[in-house]
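Colleague: After the C-alpha coordinates below, expect a handful of questions from me.
Numbering (the working numbering), first residue to last: 157 to 544.
Structure below.
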(Lines of atoms letter the chains of each structure in order from A and count residues from 1; the text may use other names and numbers.)
(Lines give C-alpha, C1' and ligand atoms only; values in the text may rest on other atoms or scores of the structure.)
Protein backbone atom coordinates (compact mmCIF):
# COMPACT_ATOMS: atom_id res chain seq x y z
CA UNK A 1 0.00 0.00 0.00
CA UNK A 2 2.73 2.50 0.93
CA UNK A 3 5.11 3.57 -1.78
CA UNK A 4 8.36 2.06 -0.60
CA UNK A 5 11.60 3.71 -1.64
CA UNK A 6 11.52 6.57 -4.12
CA UNK A 7 8.27 8.33 -4.89
CA UNK A 8 9.34 9.00 -8.48
CA UNK A 9 7.18 7.61 -11.32
CA UNK A 10 8.26 4.21 -12.64
CA UNK A 11 10.32 4.35 -15.80
CA UNK A 12 9.01 2.52 -18.85
CA UNK A 13 11.62 -0.20 -18.34
CA UNK A 14 10.62 -0.63 -14.69
CA UNK A 15 6.93 -0.63 -15.58
CA UNK A 16 7.46 -3.29 -18.22
CA UNK A 17 9.49 -5.46 -15.86
CA UNK A 18 6.95 -5.08 -13.06
CA UNK A 19 4.02 -5.68 -15.39
CA UNK A 20 5.50 -8.88 -16.79
CA UNK A 21 6.43 -10.10 -13.32
CA UNK A 22 3.06 -9.39 -11.79
CA UNK A 23 1.01 -10.76 -14.67
CA UNK A 24 0.48 -14.47 -15.22
CA UNK A 25 0.13 -13.53 -18.90
CA UNK A 26 -3.01 -15.59 -19.22
CA UNK A 27 -6.00 -13.95 -20.86
CA UNK A 28 -8.47 -16.68 -20.02
CA UNK A 29 -8.67 -18.76 -16.87
CA UNK A 30 -7.52 -21.90 -18.74
CA UNK A 31 -4.69 -20.42 -20.80
CA UNK A 32 -1.23 -21.91 -20.27
CA UNK A 33 2.18 -20.43 -20.95
CA UNK A 34 4.26 -22.09 -23.63
CA UNK A 35 7.76 -20.74 -23.04
CA UNK A 36 10.53 -21.30 -25.56
CA UNK A 37 13.72 -19.94 -24.02
CA UNK A 38 17.43 -19.60 -24.77
CA UNK A 39 17.42 -21.31 -28.15
CA UNK A 40 20.33 -20.62 -30.48
CA UNK A 41 20.32 -20.99 -34.25
CA UNK A 42 17.25 -23.23 -34.41
CA UNK A 43 14.20 -23.33 -36.66
CA UNK A 44 11.09 -24.26 -34.68
CA UNK A 45 7.53 -24.80 -35.88
CA UNK A 46 5.09 -24.03 -33.08
CA UNK A 47 2.34 -26.37 -34.22
CA UNK A 48 -0.92 -26.86 -32.35
CA UNK A 49 0.15 -30.39 -31.40
CA UNK A 50 3.43 -29.18 -29.91
CA UNK A 51 1.74 -26.77 -27.50
CA UNK A 52 -0.77 -27.05 -24.65
CA UNK A 53 -4.39 -26.16 -25.16
CA UNK A 54 -4.97 -22.37 -25.21
CA UNK A 55 -1.26 -21.49 -25.30
CA UNK A 56 0.28 -18.13 -24.51
CA UNK A 57 3.41 -18.30 -26.66
CA UNK A 58 6.43 -16.71 -24.95
CA UNK A 59 9.74 -16.57 -26.83
CA UNK A 60 12.51 -15.52 -24.46
CA UNK A 61 16.23 -15.00 -24.84
CA UNK A 62 16.52 -16.73 -28.23
CA UNK A 63 19.32 -15.93 -30.69
CA UNK A 64 19.45 -16.30 -34.47
CA UNK A 65 16.33 -18.47 -34.53
CA UNK A 66 13.33 -18.77 -36.83
CA UNK A 67 9.91 -19.50 -35.34
CA UNK A 68 6.64 -20.06 -37.14
CA UNK A 69 3.10 -20.38 -35.86
CA UNK A 70 1.51 -22.20 -38.82
CA UNK A 71 -1.65 -21.28 -40.65
CA UNK A 72 -4.77 -22.24 -38.71
CA UNK A 73 -2.94 -22.58 -35.36
CA UNK A 74 -4.81 -20.94 -32.47
CA UNK A 75 -2.99 -19.22 -29.62
CA UNK A 76 -4.15 -16.83 -26.90
CA UNK A 77 -1.34 -14.28 -27.06
CA UNK A 78 2.22 -13.93 -28.37
CA UNK A 79 5.13 -12.51 -26.35
CA UNK A 80 8.69 -11.97 -27.57
CA UNK A 81 11.25 -10.97 -24.94
CA UNK A 82 15.01 -10.30 -25.07
CA UNK A 83 15.59 -12.08 -28.37
CA UNK A 84 18.21 -11.13 -30.97
CA UNK A 85 18.44 -11.69 -34.74
CA UNK A 86 15.33 -13.85 -34.55
CA UNK A 87 12.42 -14.10 -36.98
CA UNK A 88 8.83 -14.90 -36.03
CA UNK A 89 6.46 -15.81 -38.85
CA UNK A 90 2.70 -15.59 -38.39
CA UNK A 91 1.07 -16.94 -41.60
CA UNK A 92 -2.69 -16.74 -41.07
CA UNK A 93 -2.64 -18.12 -37.55
CA UNK A 94 -5.30 -16.99 -35.05
CA UNK A 95 -4.44 -14.96 -31.92
CA UNK A 96 -7.60 -14.95 -29.82
CA UNK A 97 -6.76 -11.77 -27.85
CA UNK A 98 -5.35 -10.13 -30.98
CA UNK A 99 -2.34 -9.01 -28.90
CA UNK A 100 1.38 -9.37 -29.60
CA UNK A 101 4.03 -7.85 -27.34
CA UNK A 102 7.73 -7.54 -28.07
CA UNK A 103 10.27 -5.93 -25.76
CA UNK A 104 14.02 -5.63 -25.25
CA UNK A 105 14.81 -7.32 -28.57
CA UNK A 106 17.56 -6.54 -31.07
CA UNK A 107 17.50 -6.97 -34.86
CA UNK A 108 14.42 -9.18 -34.85
CA UNK A 109 11.81 -9.54 -37.57
CA UNK A 110 8.07 -10.13 -37.32
CA UNK A 111 6.39 -11.41 -40.50
CA UNK A 112 2.69 -10.75 -39.96
CA UNK A 113 -0.04 -12.26 -42.13
CA UNK A 114 -2.81 -12.44 -39.55
CA UNK A 115 -5.00 -10.07 -37.55
CA UNK A 116 -3.27 -8.31 -34.66
CA UNK A 117 -5.38 -5.68 -32.95
CA UNK A 118 -2.57 -4.35 -30.76
CA UNK A 119 1.13 -4.83 -31.35
CA UNK A 120 3.10 -3.40 -28.43
CA UNK A 121 6.80 -2.79 -29.09
CA UNK A 122 9.04 -1.49 -26.30
CA UNK A 123 12.75 -0.81 -25.88
CA UNK A 124 13.90 -2.65 -29.02
CA UNK A 125 16.60 -1.77 -31.54
CA UNK A 126 16.63 -2.39 -35.29
CA UNK A 127 13.22 -4.06 -35.21
CA UNK A 128 11.44 -4.99 -38.47
CA UNK A 129 7.72 -5.63 -38.83
CA UNK A 130 6.55 -6.87 -42.22
CA UNK A 131 2.78 -6.87 -42.73
CA UNK A 132 1.34 -8.79 -45.67
CA UNK A 133 -1.52 -6.29 -45.87
CA UNK A 134 -2.04 -2.72 -44.72
CA UNK A 135 -5.46 -3.80 -43.41
CA UNK A 136 -3.70 -6.02 -40.84
CA UNK A 137 -2.29 -2.97 -39.07
CA UNK A 138 -4.48 -2.45 -36.02
CA UNK A 139 -2.71 -0.38 -33.36
CA UNK A 140 1.08 -0.37 -33.25
CA UNK A 141 2.10 1.08 -29.88
CA UNK A 142 5.76 1.87 -29.28
CA UNK A 143 7.95 3.25 -26.52
CA UNK A 144 11.70 3.61 -26.41
CA UNK A 145 12.21 2.10 -29.87
CA UNK A 146 15.27 2.68 -32.04
CA UNK A 147 14.98 2.15 -35.81
CA UNK A 148 11.63 0.43 -36.14
CA UNK A 149 11.05 -0.51 -39.79
CA UNK A 150 7.44 -1.19 -40.79
CA UNK A 151 6.42 -2.34 -44.28
CA UNK A 152 3.28 -3.50 -46.09
CA UNK A 153 3.61 -5.95 -48.98
CA UNK A 154 0.40 -4.76 -50.63
CA UNK A 155 1.09 -1.04 -50.08
CA UNK A 156 4.83 -0.24 -50.20
CA UNK A 157 4.15 3.52 -50.31
CA UNK A 158 2.85 3.37 -46.75
CA UNK A 159 6.00 1.71 -45.38
CA UNK A 160 7.96 3.80 -42.88
CA UNK A 161 10.78 3.88 -40.35
CA UNK A 162 10.16 5.26 -36.91
CA UNK A 163 11.69 5.37 -33.45
CA UNK A 164 13.03 7.90 -30.97
CA UNK A 165 15.26 9.77 -33.43
CA UNK A 166 12.54 10.08 -36.06
CA UNK A 167 9.85 11.06 -33.53
CA UNK A 168 12.06 13.74 -31.98
CA UNK A 169 12.74 15.15 -35.42
CA UNK A 170 9.00 15.17 -36.19
CA UNK A 171 8.12 16.79 -32.84
CA UNK A 172 10.98 19.23 -32.14
CA UNK A 173 8.82 21.30 -29.79
CA UNK A 174 7.79 18.32 -27.65
CA UNK A 175 10.33 16.67 -25.31
CA UNK A 176 10.15 12.89 -25.64
CA UNK A 177 11.13 10.68 -22.72
CA UNK A 178 12.33 7.31 -24.02
CA UNK A 179 11.30 5.63 -20.75
CA UNK A 180 7.74 6.88 -20.45
CA UNK A 181 6.32 8.36 -23.66
CA UNK A 182 4.27 6.15 -25.98
CA UNK A 183 3.23 6.63 -29.60
CA UNK A 184 0.51 4.84 -31.55
CA UNK A 185 0.42 4.14 -35.29
CA UNK A 186 -2.90 3.41 -37.01
CA UNK A 187 -4.72 3.89 -40.29
CA UNK A 188 -6.90 6.99 -39.89
CA UNK A 189 -8.91 8.31 -42.82
CA UNK A 190 -7.03 6.06 -45.21
CA UNK A 191 -3.59 7.31 -44.10
CA UNK A 192 -1.03 5.75 -41.77
CA UNK A 193 -0.42 8.20 -38.93
CA UNK A 194 1.66 8.09 -35.76
CA UNK A 195 0.45 10.08 -32.75
CA UNK A 196 1.62 10.65 -29.22
CA UNK A 197 -0.48 8.92 -26.57
CA UNK A 198 -1.87 11.19 -23.88
CA UNK A 199 -3.19 9.94 -20.54
CA UNK A 200 -6.31 11.64 -19.28
CA UNK A 201 -6.73 12.25 -15.57
CA UNK A 202 -8.48 8.85 -15.26
CA UNK A 203 -5.56 7.23 -17.14
CA UNK A 204 -7.65 6.65 -20.26
CA UNK A 205 -5.26 6.62 -23.26
CA UNK A 206 -6.03 8.99 -26.13
CA UNK A 207 -4.33 11.34 -28.57
CA UNK A 208 -4.50 15.10 -28.97
CA UNK A 209 -6.53 14.67 -32.16
CA UNK A 210 -9.09 12.45 -30.40
CA UNK A 211 -9.19 14.73 -27.37
CA UNK A 212 -9.90 17.75 -29.59
CA UNK A 213 -12.75 15.87 -31.28
CA UNK A 214 -14.19 14.86 -27.90
CA UNK A 215 -13.92 18.40 -26.53
CA UNK A 216 -15.66 19.84 -29.59
CA UNK A 217 -18.48 17.28 -29.37
CA UNK A 218 -18.93 18.02 -25.66
CA UNK A 219 -19.14 21.75 -26.39
CA UNK A 220 -21.75 21.23 -29.10
CA UNK A 221 -23.86 19.00 -26.85
CA UNK A 222 -23.79 21.58 -24.08
CA UNK A 223 -24.84 24.36 -26.41
CA UNK A 224 -27.61 22.19 -27.90
CA UNK A 225 -29.01 21.38 -24.45
CA UNK A 226 -29.03 25.05 -23.45
CA UNK A 227 -30.65 26.11 -26.73
CA UNK A 228 -33.35 23.43 -26.38
CA UNK A 229 -34.07 24.55 -22.83
CA UNK A 230 -34.63 28.12 -23.98
CA UNK A 231 -36.91 27.04 -26.82
CA UNK A 232 -39.03 24.73 -24.67
CA UNK A 233 -39.06 26.57 -21.36
CA UNK A 234 -38.32 30.14 -22.35
CA UNK A 235 -36.46 32.45 -20.03
CA UNK A 236 -36.83 31.68 -16.34
CA UNK A 237 -35.47 29.85 -13.33
CA UNK A 238 -35.90 26.37 -14.83
CA UNK A 239 -33.91 27.32 -17.89
CA UNK A 240 -31.22 28.85 -15.71
CA UNK A 241 -31.01 25.64 -13.63
CA UNK A 242 -30.56 23.56 -16.78
CA UNK A 243 -27.82 25.90 -17.94
CA UNK A 244 -26.08 25.65 -14.58
CA UNK A 245 -26.31 21.84 -14.60
CA UNK A 246 -25.04 21.77 -18.17
CA UNK A 247 -22.13 24.04 -17.29
CA UNK A 248 -21.26 21.86 -14.29
CA UNK A 249 -21.31 18.69 -16.41
CA UNK A 250 -19.10 20.38 -18.96
CA UNK A 251 -16.69 21.45 -16.23
CA UNK A 252 -16.49 17.88 -14.94
CA UNK A 253 -15.95 16.53 -18.45
CA UNK A 254 -13.16 19.04 -19.03
CA UNK A 255 -11.57 18.06 -15.74
CA UNK A 256 -11.67 14.39 -16.70
CA UNK A 257 -10.12 15.32 -20.03
CA UNK A 258 -7.12 17.03 -18.42
CA UNK A 259 -3.77 15.46 -19.24
CA UNK A 260 -0.40 15.31 -17.52
CA UNK A 261 0.85 13.84 -14.23
CA UNK A 262 -0.75 16.50 -12.02
CA UNK A 263 -4.19 15.84 -13.50
CA UNK A 264 -3.75 12.06 -13.21
CA UNK A 265 -2.61 12.40 -9.60
CA UNK A 266 -5.53 14.74 -8.91
CA UNK A 267 -7.98 12.14 -10.17
CA UNK A 268 -6.60 9.53 -7.77
CA UNK A 269 -6.60 12.07 -4.97
CA UNK A 270 -10.32 12.63 -5.55
CA UNK A 271 -10.88 8.85 -5.37
CA UNK A 272 -8.97 8.79 -2.09
CA UNK A 273 -11.03 11.65 -0.70
CA UNK A 274 -14.26 9.82 -1.51
CA UNK A 275 -13.04 6.64 0.17
CA UNK A 276 -11.90 8.56 3.25
CA UNK A 277 -15.32 10.20 3.61
CA UNK A 278 -16.88 6.72 3.62
CA UNK A 279 -14.46 5.52 6.30
CA UNK A 280 -12.52 3.32 3.87
CA UNK A 281 -9.14 4.45 5.15
CA UNK A 282 -7.04 1.62 3.73
CA UNK A 283 -8.42 2.04 0.23
CA UNK A 284 -8.03 5.80 0.51
CA UNK A 285 -4.35 5.30 1.37
CA UNK A 286 -3.99 3.12 -1.73
CA UNK A 287 -5.38 5.87 -3.95
CA UNK A 288 -3.15 8.50 -2.33
CA UNK A 289 -0.16 6.20 -2.86
CA UNK A 290 -1.03 5.83 -6.54
CA UNK A 291 -1.25 9.61 -6.80
CA UNK A 292 2.13 10.04 -5.11
CA UNK A 293 3.77 7.60 -7.51
CA UNK A 294 2.52 9.72 -10.41
CA UNK A 295 3.17 13.14 -8.86
CA UNK A 296 5.17 13.44 -5.64
CA UNK A 297 5.31 17.23 -5.44
CA UNK A 298 1.93 17.93 -3.80
CA UNK A 299 2.12 18.22 0.01
CA UNK A 300 -1.61 17.51 0.44
CA UNK A 301 -1.15 13.97 -0.86
CA UNK A 302 1.31 13.16 1.93
CA UNK A 303 -0.84 14.94 4.51
CA UNK A 304 -3.92 13.00 3.42
CA UNK A 305 -2.11 9.68 3.50
CA UNK A 306 -0.70 10.54 6.91
CA UNK A 307 -4.27 10.98 8.16
CA UNK A 308 -5.14 7.56 6.74
CA UNK A 309 -2.21 5.99 8.57
CA UNK A 310 -3.30 7.65 11.81
CA UNK A 311 -6.80 6.20 11.38
CA UNK A 312 -5.22 2.80 10.66
CA UNK A 313 -3.14 2.91 13.85
CA UNK A 314 0.22 3.36 12.09
CA UNK A 315 1.65 6.59 13.55
CA UNK A 316 5.21 5.78 12.43
CA UNK A 317 4.16 5.84 8.79
CA UNK A 318 2.01 8.90 9.43
CA UNK A 319 5.05 10.69 10.82
CA UNK A 320 7.09 9.89 7.71
CA UNK A 321 4.38 11.33 5.47
CA UNK A 322 3.86 14.39 7.63
CA UNK A 323 7.60 15.11 7.53
CA UNK A 324 7.57 14.78 3.74
CA UNK A 325 4.57 17.12 3.53
CA UNK A 326 6.40 19.76 5.62
CA UNK A 327 9.54 19.29 3.53
CA UNK A 328 7.53 20.18 0.42
CA UNK A 329 5.75 23.11 2.08
CA UNK A 330 6.77 24.31 5.50
CA UNK A 331 3.63 26.44 5.75
CA UNK A 332 1.23 23.53 5.17
CA UNK A 333 -0.68 23.61 8.45
CA UNK A 334 -2.20 20.14 8.22
CA UNK A 335 1.28 18.70 7.78
CA UNK A 336 2.34 20.11 11.16
CA UNK A 337 -0.93 18.99 12.75
CA UNK A 338 -0.55 15.40 11.47
CA UNK A 339 3.06 15.41 12.63
CA UNK A 340 1.98 16.52 16.09
CA UNK A 341 -0.68 13.80 16.38
CA UNK A 342 1.77 11.16 15.14
CA UNK A 343 4.45 12.24 17.64
CA UNK A 344 1.97 12.16 20.52
CA UNK A 345 0.84 8.67 19.49
CA UNK A 346 4.48 7.56 19.47
CA UNK A 347 5.10 9.00 22.95
CA UNK A 348 7.26 11.83 21.63
CA UNK A 349 5.26 14.42 23.54
CA UNK A 350 7.65 17.38 23.41
CA UNK A 351 7.98 17.07 19.64
CA UNK A 352 4.21 16.81 19.39
CA UNK A 353 3.81 19.97 21.44
CA UNK A 354 6.24 21.85 19.21
CA UNK A 355 4.29 20.80 16.13
CA UNK A 356 0.99 21.91 17.64
CA UNK A 357 2.55 25.24 18.60
CA UNK A 358 3.48 25.75 14.93
CA UNK A 359 -0.12 25.05 13.95
CA UNK A 360 -1.35 27.67 16.41
CA UNK A 361 1.18 30.20 15.13
CA UNK A 362 -0.66 30.07 11.80
CA UNK A 363 -4.17 29.26 13.08
CA UNK A 364 -4.53 30.75 16.60
CA UNK A 365 -8.19 29.70 16.87
CA UNK A 366 -7.64 26.02 15.97
CA UNK A 367 -9.40 24.32 18.90
CA UNK A 368 -8.13 20.82 18.03
CA UNK A 369 -4.55 22.07 18.04
CA UNK A 370 -5.10 23.83 21.38
CA UNK A 371 -6.46 20.66 22.97
CA UNK A 372 -3.68 18.52 21.48
CA UNK A 373 -1.01 21.00 22.64
CA UNK A 374 -2.39 20.97 26.17
CA UNK A 375 -2.47 17.17 26.24
CA UNK A 376 1.07 16.90 24.84
CA UNK A 377 2.40 19.37 27.42
CA UNK A 378 0.75 17.48 30.30
CA UNK A 379 2.09 14.12 29.11
CA UNK A 380 5.54 15.57 28.55
CA UNK A 381 5.53 16.97 32.11
CA UNK A 382 4.41 13.65 33.56
CA UNK A 383 7.09 11.87 31.60
CA UNK A 384 9.75 14.22 33.03
CA UNK A 385 8.45 13.73 36.59
CA UNK A 386 8.18 9.97 36.38
CA UNK A 387 10.75 8.09 38.48
CA UNK A 388 13.65 6.74 36.44
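We put the beta carbon where it would ideally sit given N, CA and C, even for glycine.
1) Kindly identify the DSSP beta-bridge partner or partners of residue 440.
2) Given a threshold of 16 other Cβ atoms within 10 Å of its Cβ, counted over all protein chains shown, does residue 276 qualify as buried or as exposed?
3) Anyone know if the C-beta pair for residue 466 and residue 498 falls short of 8 Å?
4) When the Cβ atoms of the segment 328-337 are set against those of the segment 304-319, are three or more pairs found closer than 8 Å?
5) Keeping to the same chain, check which residues put their C-beta closer than 8 Å to that of residue 519; ignore five residues upstream and five downstream.
6) Helix, strand or coil for residue 202 per DSSP?
7) Quick one, which of 340, 536, 483, 535 has its alpha-carbon nearest residue 278's?
8) Measuring CA to CA, which of 368, 425, 320, 291 is closest to residue 347?
9) Should residue 177 go down as buried or exposed, given a rule of 16 or more other Cβ atoms within 10 Å for buried?
10) Count the other C-beta atoms from every protein chain shown that fall within 10 angstroms of the C-beta of residue 344, then say buried if there are 16 or more, exposed otherwise.
11) Between the C-alpha atoms of residue 470 and residue 350, what's the straight-line distance to the nearest angstrom?
12) Could you say which of 417, 226, 223, 186 lies nearest to residue 212 if we only look at CA atoms?
13) Going residue by residue through the segment 447-506, where are the continuous alpha helix (DSSP H) segments of at least 4 residues, counting only ones entirely within it?
14) Taking the beta strand (DSSP E) that residue 428 belongs to, which residues open and close that run?
15) Enumerate in chain order the residues of its own chain whose CB-to-CB distance from residue 485 is below 6 Å, with the five nearest sequence positions on each side excluded.
16) In angstroms with no decimal places, state the Cα-to-Cα distance between residue 173 and residue 462.
17) Threshold first: 3 residues or longer. Then list the beta strand (DSSP E) segments lying entirely within the segment 264-350, N to C.
18) Quick one: give me the first and last residue of the alpha helix (DSSP H) that residue 536 is part of.
19) When burial is assigned at 16 or more other CB atoms within 10 Å of the CB, is residue 534 buried or exposed?
20) State the start and end residues of the unbroken beta strand (DSSP E) segment that holds residue 255.
Modeller: The structure says:
1) Bridge partners of residue 440: none, in fact.
2) buried
3) yes
4) no
5) 489, 525
6) coil
7) 340
8) 291
9) Here residue 177 scores only 43 on pLDDT, less than 50, and its place in the model is too uncertain to base an answer on.
10) exposed
11) 48 Å
12) 186
13) 455-467, 471-484, 489-501
14) Taken as a continuous stretch (DSSP letters only), residue 428 belongs to no beta strand (DSSP E), being part of the alpha helix (DSSP H) at 417-433.
15) 455
16) Here residue 173 scores only 47 on pLDDT, less than 50, and its place in the model should not be relied on; the value that follows carries that caveat. In a straight line, the C-alpha of residue 173 is about 30 Å away from that of residue 462.
17) 265-269, 272-278, 281-287, 293-299, 302-308, 316-318, 339-344
18) 523-541
19) exposed
20) 255-259
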